[in-house]
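Visitor: Basically my numbering = 1-based index in the sequence shown + 13.
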Amino acid sequence: MSKLKKIIVFNKGGVIYFIFIILLSFATNSRYAILEPFGTFALLFLLSYIQHPSRLRQNINKKYIILGIFIIIFLIPFVSDVSLAMLANRGIRGKVSTSELFSNTINTYLDRDKMNLLRKIKDEKNLTTLKEQPKEWSENYVSNFALNRYCNMRVSDNTLYHAKKVGFANEKMYSDFWNEIIALLPSPILNSLGIQYNKNERYSRGDKLKALSTNSPPFASYLVTSHLADGLLTFGFLYFPIEFFLFYLRFLFLDTFIIKHNKRVIYSILGLTTIFSFLAMFRNAGGACDSLPYLLREYWQDIILFLIGFSILKKIIR
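(1) Looking at the structure shown, is GLU284 part of a helix, part of a strand, or coil, going by DSSP?
(2) With 16 other CB atoms within 10 Å as the buried threshold, where does GLU49 fall?
(3) Can you give me the C-alpha to C-alpha distance between ILE105 and ASN211, rounded to a whole angstrom?
(4) Can you name, in chain order, every residue of its own chain whose Cβ lies under 7 Å from the Cβ of LYS127, other than the five neighbours on each side?
(5) Quick check on this structure: which residue in THR287, LEU245, LEU203 has the alpha carbon closest to the alpha carbon of ASP170?
(6) Within the chosen definition, does the stretch 195-207 reach the stretch 222-234 through at least 3 CB pairs nearer than 8 Å?
(7) Which residue's Cα is closest to the Cα of TYR389: ARG44, ILE119, GLN64, GLU113?
(8) Indicate the three-state DSSP secondary structure (helix, strand or coil) for HIS274 in the structure shown.
(9) Does DSSP put PRO147 in a helix, in a strand, or in coil?
(10) Within its chain, find whatever has a CB closer than 7 Å to the CB of PHE115; leave out the 5 residues flanking it on each side and keep chain order.
(11) Excluding sequence positions up to five away, which residues of its chain have a Cβ less than 8 Å from the Cβ of ASN42?
(12) Looking at GLY52 and ALA293, is the spacing between their C-beta atoms short of 9 Å?
(13) With distances taken between CB atoms, is the gap from VAL10 to VAL237 smaller than 9 Å?
(14) Leaving out five residues on either side along the sequence, give the residues of the same chain with a beta carbon under 6 Å from the beta carbon of PRO306.
(15) From the DSSP output, read off the bridge partner residues of GLY299.
(16) Report the rounded CA-to-CA distance for PHE258 versus SER112, giving the unit in angstroms.
(17) For the alpha helix (DSSP H) holding LEU197, just list the boundary residues, first then last.
(18) Less than 9 Å between CB atoms is the rule here; does LEU36 satisfy it with respect to chain B?
(19) Quick check on ILE329: does DSSP put it in helix, strand or coil?
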């Protein structure tokens, strides 16, 4: 097989894999999972452009630029609609199987009448948000539901208000923090230790903060929270030295994805394939619970899964 044919086969395989990952992400009912493949592609392109600008200019012609513009124009409303369909099925995420959740999300997306109603409700909420006081809980910051997960600096002020209302160093949030850490263990290990923990009934830290602040039962709507508010709510002012230490360790772990040699930076394959997660790592989302799970499980899990996948791929290629 000639070099050109190998490249064509590789590109076709890459496109098929890319489409498969996008379809798979629908089943997660997570906006982050939907954006991850697109964000990874964009960040890798940007990184490649910074390193080899002249080579990329030679390989990219005008038709690819025009095609890219059309894809972006189509992609933005598509992601927004998919996000709406996901949110419409968010309440059943922990109650049904992944295949059922995927089927319900697709059916909602294909139901034009239902989607039009959801858009109308979303627009009404956006108008209401502009009139809301800071004390009201809202996650509507921009018109695109997917981008709300990233354009959400306002949540820092919002959650700080509620954290102050509940009281710093709250005993319930402190206890829940350690329950979240224990839940990092796989279910078979938890069962063998006699720990009864239903992971399908977990609530986000934002859900729990809202429940405490409004004196209402928690509802699994997966609300986001900020590092600062959640940290103060959980540990009080001890949060600052704790987070400093955890962030220091986290950056040490992230440094393992690159090697500096002869004034050159060599990126690991795992680091490149998970590059989008680095961008999302410090956004407002899981709060003070984010750092420790990464250090204790997520980092090692990524490495182990990568080594297993790499070994299988090597055997297939041979």
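Where is the CB? At the ideal position from N, CA and C, for every residue including glycine.
Guide: By the coordinates alone:
(1) Your numbering for residue 284 matches position 271 in the sequence shown. First, the residue type needs correcting, since residue 284 is Gly and not Glu in the sequence shown. The answer is helix: DSSP assigns GLY284 an H, G or I state.
(2) In the sequence shown, the residue the question calls residue 49 occupies position 36. Buried, since its Cβ has 16 or more Cβ neighbours within 10 Å.
(3) Position 92 of the sequence shown, counted from the first residue, corresponds to residue 105. Position 198 of the sequence shown, counted from the first residue, corresponds to residue 211. About 15 Å.
(4) Position 114 of the sequence shown, counted from the first residue, corresponds to residue 127. Around LYS127: THR121.
(5) For the purposes of this step, residue 170 is taken as the residue at position 157 of the sequence shown. The option with the nearest alpha carbon to ASP170 is LEU245.
(6) no
(7) In this structure the chain extends from 14 to 331, so residue 389 is not present and cannot be described.
(8) Residue mapping note: residue 274 aligns to position 261 of the sequence shown, counting from 1. Three-state result, HIS274: strand.
(9) For the purposes of this step, residue 147 is taken as the residue at position 134 of the sequence shown. Here the model assigns PRO147 a pLDDT of 49, short of 50, so the residue's position is not dependable, and the following value carries that caveat. If DSSP states are grouped into helix, strand and coil, PRO147 belongs with coil.
(10) For the purposes of this step, residue 115 is taken as residue 102 along the sequence shown, with counting starting at 1. The residues are PHE39, ALA40.
(11) Within the sequence shown, residue 42 is the residue found at index 29, counting from 1. Cβ neighbours of ASN42 beyond the five flanking positions: MET99, ASN102, ARG103, ARG106, LEU114, THR118.
(12) Taking the sequence shown and counting its residues from 1, one reaches residue 293 at position 280. Taking the sequence shown and counting its residues from 1, one reaches residue 52 at position 39. Closer than 9 Å, so yes.
(13) An answer regarding residue 10 cannot be provided, because it is not within the stretch 14 to 331 covered by the chain.
(14) Stepping through the sequence shown from its first residue, residue 306 is reached at position 293. Around PRO306: LEU197.
(15) Along the sequence shown, read from residue 1 onward, the residue named residue 299 stands at position 286. Beta-bridge analysis with DSSP links GLY299 to THR238.
(16) In the sequence shown, residue 258 corresponds to position 245, counting from 1. In the sequence shown, residue 112 corresponds to position 99, counting from 1. One C-alpha to the other measures close to 40 Å.
(17) Within the sequence shown, the letter at position 184 stands for residue 197. No alpha helix (DSSP H) holds LEU197; DSSP gives it neither H nor E.
(18) Of the protein chains in this structure there is only one, and it is not chain B.
(19) As a first step, residue 329 must be located in the sequence shown, where it is residue number 316. Three-state DSSP puts ILE329 in a helix.
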